[in-house]
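Trainee: The structure that follows is given in the form of structure tokens.
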Amino acid sequence: MLARSGAHPIRLLAIGHSYVLAVNRATIREVARDPSFDITVAAPSFYHGDLRPIHCEPEPHGSPLRLVPIPARWTSRVHVFHYAQKPLRDLARRHSFQGVFAWEEPYIFSGYQLAQLAQHSGARFSFYTCQNLDKKYPPPFGYLERICLSATDRWVAAGQSVFDVQVHRGYVPERGSVIALAVDTTLFRPADEERRQQVRRTLGLTKPVIGYMGRLVEAKGLRVLMQALEALDPAIPWSLLLLGSGEWKGEIEQWAERFGWADRVKILLARHDEVPNYLGAMDMLVAPSQTRSNWKEQFGRMLIEAFACGVPVIASDSGEIPYVVGDAGIILPEKDVAAWTKSIELLLVDPALRQRLAEAGLQRVSRFSVVQSAAHFRNFYRDLVYG
């Protein structure tokens with residue numbers, strides 16, 4: 237085994253379907269700027285994302301990463317999607333990786349597949365999990381998780397609630413670490429007022445702008461949001477910008493028409509590289525996620541992106557959200573429509589409060605920055621390989 241101070245860089249494979257987007261490689265790209273790492277990133281050549289189908293995006297010029305797109309099958313069904321076996325084996329054979337980091341859940345087929353790859357190649361194995369529900373998986377997924385865990389040397393939880401749940405389920409706590417999702421603060425940053433006004437004009441929206449980001453589904457709290465907006469003082473001006481797509485798009489459009497708000501409600505499916513532009517034009521971000529028997533908010537990347545853009549946050553207390561927001565935003569009970577109306581109304585009429593929350597968010601986001609996350613991952617990967 238190499239000494240920790242050895243001259244050879246750590247050869248690491250980081251692989252996952254989220255890496256199909258260049259923005260999601262920001263942290264691993266920052267890790268790779270350290271010359272003590274030689275990192276290959278693999279991602280599906282094509283993936284059916286939650287919001288749109290995605291071809292693997294190239295790395296920016298000068299990136300220290302080696303990006304390898306790999307054909308994948310059944311990418312519209314995350315539990316059974318998997319990578320083409322031969323290109324995966326050939327990749328491992330060419331580079332003799334010391335560590336494999338799978339940004340895939342251990343109970344899905346691709347997670348199991350990558351655990352097997354690490355075992356067969358002699359590499360140390362770790363995975364990243366966002367699952368914060370105490371679930372017993374039906375066959376064959378429970379079996380896949382057990383096999384994956386038996387091959388695991390280290391594991392990473394996306395948040396404290398994820399870590400606690402998985403330890404309760406039997407994951408070895410001494411092998412686990414909590415490393416939150418990160419935001420690239422070179423891309424997500426406050427916009428100047430001129431730029432904000434330009435975006436609003438382009439969209440045909442007037443301030444203050446209430447913003448929402450994510451899937452347009454009921455579990456994300458859209459019904460609560462709509463009811464809260466219906467109860468606002470009609471004398472208070474507002475616009476609503478929803479960034480996303482989903483089955484509730486038609487429902488929202490009909491709702492806006494019914495109340496005569498079609499000119500103040502805008503739904504937009506933006507590319508990931510366009511999101512900072514639109515997010516920066518918002519005067520607040522609402523995240524009214526609703527816990528379900530089979531889901532609760534696992535992290536809420538939109539929260540830290542809003543912080544980075546200097547946008548105040550109002551969010552529910554579902555899942556990991558209170559851990560992420562801390563005291564930098566307003567946390568409300570999920571189903572308390574009256575509380576949502578009151579808090580949204582308060583921010584609409586009080587620019588000074590919006591400014592104070594924006595400043596609190598900008599302070600808090602430093603703990604979720606790519607630079608901070610990369611520092612945690614460098615230590616984690618060293619422990620993985622040398623532990």
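Quick note on numbering: the working numbering labels position 258 of the sequence shown as 494, and the sequence is numbered without any gaps.
Glycine included, C-beta positions come from ideal geometry on N, C-alpha and C.
1) With a threshold of 16 other CB atoms inside 10 Å of the CB of Gly536, please say whether the residue is buried or exposed.
2) Return the chain-ordered list of same chain residues with a C-beta closer than 6 Å to the C-beta of Tyr255, the five sequence neighbours on each side being excluded.
3) Out of curiosity, what's the CA-to-CA distance linking Val606 and Ser481?
4) Quick test of the definition: if touching needs 3 or more C-beta pairs under 8 Å, does the region 376–386 touch the region 340–347?
5) At the level of alpha carbons, what is the spacing between Trp474 and Val445?
6) Per DSSP, what kind of secondary structure is Lys485 in: helix, strand or coil?
7) Looking at the unbroken alpha helix (DSSP H) that takes in Thr422, where does it start and where does it end?
8) If the criterion is Cβ atoms closer than 9 Å, does the pair Lys682 and Ile503 meet it?
9) On a Cα-Cα basis, can you pick out the residue from Leu568, His356, Val304 and Val419 that is closest to Gly457?
10) My guess is that Phe613 and Thr263 are in contact by the Cβ rule of under 8 Å, so how many angstroms apart are they, rounded?
11) Report buried or exposed for Ile472, applying the criterion of at least 16 other Cβ atoms within 10 angstroms of its Cβ.
12) Whose CA, out of Leu327, Glu487 and Phe333, lies closest to the CA of Ile306?
13) For Met518 and Gly450, what's the separation of their Cα atoms in angstroms?
14) Express the C-alpha separation of Ala498 and Glu489 in angstroms, rounding to a whole number.
15) Quick one: measure Cβ to Cβ for Arg360 and Gln334, integer angstroms, because I've assumed they're closer than 8 Å.
16) Quick one, which of His291, Phe282 and Ser299 has its alpha-carbon nearest Arg309's?
17) Applying the criterion that 16 or more other CB atoms from any shown protein chain within 10 Å of the CB defines a buried residue, is Phe317 buried or exposed?
18) Would you mind reading off the limits of the beta strand (DSSP E) that contains Leu476?
19) Going by alpha carbons, who is nearest to Gln321 out of Asp509, Cys292, Ala354 and Glu295?
20) Rounding to the nearest angstrom, what Cα-Cα distance links Leu248 and Val573 in this structure?
21) Kindly indicate which residue of Asp286, His244 and Ile290 has the alpha-carbon position closest to the one of Ser272.
22) Assuming Ile246 contacts Val621 under a Cβ cut-off of 8 Å, what Cβ separation, rounded to an integer in Å, is found between them?
23) Under a three-way DSSP split, which group does Met538 fall into?
24) Report the rounded CA-to-CA distance for Phe424 versus Ala464, giving the unit in angstroms.
25) Beta-carbon of Arg432 versus every beta-carbon of chain C: anything under 9 Å?
26) Classify Pro294: buried if its beta carbon has 16 or more other beta carbons within 10 angstroms, exposed otherwise.
27) Considering only the alpha carbon of each residue, which of Gly496, Pro548 and Tyr448 lies closest to Leu505?
28) Take the Cβ of Ser554 as the centre, count every other Cβ of all protein chains shown within 10 Å, and call the residue buried at 16 or more, exposed below.
29) Can you tell which of Asp586, Tyr617 and Leu287 has its C-alpha closest to the C-alpha of Lys443?
30) How big is the Cα-Cα spacing for Val453 and Ser332?
31) So the candidates are Gln352, Ala418 and Ala250; which of them puts its Cα closest to the Cα of Val601?
32) With distances taken Cα to Cα, identify the nearest neighbour of Gln396 among Val560, Glu570, Leu593 and Lys571.
33) For the beta strand (DSSP E) containing Pro280, name the first residue and the last one.
34) What distance in whole Å lies between the Cβ atoms of Val336 and Leu509, which are believed to be in contact at a cut-off of 8 Å?
35) Closest by CA to Pro548, which one among Pro558, Glu556 and Leu521?
Mentor: In terms of the structure at hand:
1) Residue 536 sits at position 300 when you count from the first residue of the sequence shown. Flag for Gly536 reads buried.
2) Taking the first residue of the sequence shown as position 1, residue 255 is located at position 19. The residues are Arg261, Val277 and Ala279.
3) Locating residue 606 in the sequence shown gives position 370, where the first residue counts as 1. Locating residue 481 in the sequence shown gives position 245, where the first residue counts as 1. C-alpha separation (whole angstroms): 27 Å.
4) yes
5) The residue given as residue 474 occupies position 238 in the sequence shown. The residue given as residue 445 occupies position 209 in the sequence shown. Approximately 6 Å between the Cα atoms of the pair.
6) Start at 1 with the first residue of the sequence shown, and residue 485 comes out as number 249. In the structure shown, Lys485 sits in a helix (DSSP, three-state: H, G or I).
7) The residue labelled residue 422 in the question sits at position 186 within the sequence shown. Per DSSP, Thr422 belongs to no alpha helix (DSSP H) and is neither H nor E.
8) Not covered by the structure: residue 682. The range shown for the chain is 237 to 623.
9) For the purposes of this step, residue 457 is taken as residue 221 along the sequence shown, with counting starting at 1. Closest option to Gly457, Cα to Cα, is Leu568.
10) If you number the sequence shown from 1, residue 613 lands on position 377. If you number the sequence shown from 1, residue 263 lands on position 27. That belief holds up - the Cβ atoms of Phe613 and Thr263 are roughly 6 Å apart, short of 8 Å.
11) Residue mapping note: residue 472 aligns to position 236 of the sequence shown, counting from 1. With fewer than 16 Cβ atoms within 10 Å of its Cβ, Ile472 is classed as exposed.
12) Here residue 306 corresponds to residue number 70 of the sequence shown, with the count starting at 1. Taking only the C-alpha atoms, the option nearest Ile306 is Leu327.
13) For the purposes of this step, residue 518 is taken as the residue at position 282 of the sequence shown. For the purposes of this step, residue 450 is taken as the residue at position 214 of the sequence shown. Looking at the two C-alpha atoms, the distance is approximately 15 Å.
14) Residue numbering aside, residue 489 sits at position 253 when the sequence shown is read from its first letter. Residue numbering aside, residue 498 sits at position 262 when the sequence shown is read from its first letter. Distance between the alpha carbons of Glu489 and Ala498 is about 7 Å.
15) Here residue 360 refers to the residue found at position 124 of the sequence shown. Here residue 334 refers to the residue found at position 98 of the sequence shown. That belief holds up - the Cβ atoms of Arg360 and Gln334 are roughly 7 Å apart, short of 8 Å.
16) Here the question's residue 309 lines up with position 73 in the sequence shown. Looking at the Cα atoms, Phe282 is the closest of the given residues.
17) Stepping through the sequence shown from its first residue, residue 317 is reached at position 81. Buried, by the Cβ-count rule.
18) Here residue 476 refers to the residue found at position 240 when the sequence shown is read from its first residue. Here the beta strand (DSSP E) through Leu476 covers Ser475 to Leu479.
19) The sequence position of residue 321 within the sequence shown is 85, counting from 1. When each option's Cα is compared against that of Gln321, the closest is Ala354.
20) Along the sequence shown, read from residue 1 onward, the residue named residue 248 stands at position 12. Along the sequence shown, read from residue 1 onward, the residue named residue 573 stands at position 337. Their Cα atoms are separated by approximately 48 Å.
21) Taking the sequence shown and counting its residues from 1, one reaches residue 272 at position 36. With distances taken between Cα atoms, Ser272 lies closest to His244.
22) In the sequence shown, the residue the question calls residue 246 occupies position 10. In the sequence shown, the residue the question calls residue 621 occupies position 385. With 8 Å as the limit, Ile246 and Val621 qualify as a contact, their Cβ atoms being about 5 Å apart.
23) As a first step, residue 538 is located in the sequence shown; it is residue number 302 there, counting from the start. Three-state result, Met538: helix.
24) By 1-based counting over the sequence shown, the position of residue 424 is 188. By 1-based counting over the sequence shown, the position of residue 464 is 228. If I take the Cα positions, the gap works out to 28 Å.
25) In the structure shown, chain C does not exist; there is a single protein chain.
26) Residue numbering aside, residue 294 sits at position 58 when the sequence shown is read from its first letter. Exposed, by the Cβ-count rule.
27) Locating residue 505 in the sequence shown gives position 269, where the first residue counts as 1. Nearest option by C-alpha distance: Tyr448.
28) For the purposes of this step, residue 554 is taken as residue 318 along the sequence shown, with counting starting at 1. Buried, by the Cβ-count rule.
29) As a working mapping, residue 443 is identified with position 207 in the sequence shown. Checked all of Asp586, Tyr617 and Leu287; the closest Cα to Lys443 is Asp586.
30) Within the sequence shown, residue 453 is the residue found at index 217, counting from 1. Within the sequence shown, residue 332 is the residue found at index 96, counting from 1. For Val453 and Ser332, the distance between alpha carbons rounds to 43 Å.
31) Residue 601 sits at position 365 when you count from the first residue of the sequence shown. Among Gln352, Ala418 and Ala250, the Cα nearest to that of Val601 is on Ala418.
32) Within the sequence shown, the letter at position 160 stands for residue 396. Measuring from the Cα of Gln396, the nearest candidate turns out to be Val560.
33) Within the sequence shown, residue 280 is the residue found at index 44, counting from 1. That run of the beta strand (DSSP E) goes Phe273 to Pro280.
34) Translated into positions along the sequence shown, residue 509 becomes position 273. Translated into positions along the sequence shown, residue 336 becomes position 100. Checking the sequence shown, residue 509 turns out to be Asp, not Leu. Actually they do not touch by this definition, with Cβ atoms about 29 Å apart.
35) The residue given as residue 548 occupies position 312 in the sequence shown. Closest option to Pro548, Cα to Cα, is Leu521.
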